[in-house]
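Going by the UniProt record's numbering, the sequence shown opens with residue 1, and the numbers climb by one from there. All residues carry an ideal CB built from backbone N, CA and C; glycine is no exception. Accompanying notes for the structure given below.
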Amino acid sequence: MTEATTVTVTDRAAARIKEILAEEAPDTKLRVSVLGGGCSGFSYDFGFDVAAQSDDLVITRDGATVLIDPVSLPYLAGSQIDFVDELIGASFKITNPNATASCGCGTSFAI
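Written as structure tokens, this is what we have:
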């Protein structure tokens with residue numbers, strides 16, 4: 001995998017993923033994908049999966065596992081997955097260098 005296709009997971013995101021999955025479904029992984037739609041053209045989708053597919057990008061950090069499918073990977077290439085706890089709420093935040101625009105909620109973007 002080249003640097004351009006690498007997706008990173010911060011310490012905060014890994015800790016939160018591990019915490020959520022330990023409570024909800026041990027041995028489950030967080031799946032991050034990109035879907036068509038949203039107010040800016042594409043949207044991020046977060047879900048759970050029990051197993052990786054053979055062509056998934058598998059990111060493991062500090063006991064947390066993130067899966068990204070090969071269709072979503074080009075849209076997420078070079079991105080950083082973080083977890084933020086702000087006044088307006090706590091959420092996963094993706095910093096995506098490919099996005100040319102995003103909506104105010106941070107879950108929708110354009111390329």
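Judged by their CB atoms, V32 and I59 are not nearer to each other than the 7 Å cut-off. Pairing K18 with A90 gives a Cβ-Cβ distance that is not under 7 Å. Rounded to the nearest whole angstrom, the CA to CA distance from S43 to L30 is 16 Å. The beta-carbon separation of A14 and R61, rounded to 4 Å, stays under the 8 Å limit for a contact.
Under the 10 Å beta carbon count, L57 is surrounded by 16 or more other beta carbons and is classified as buried.
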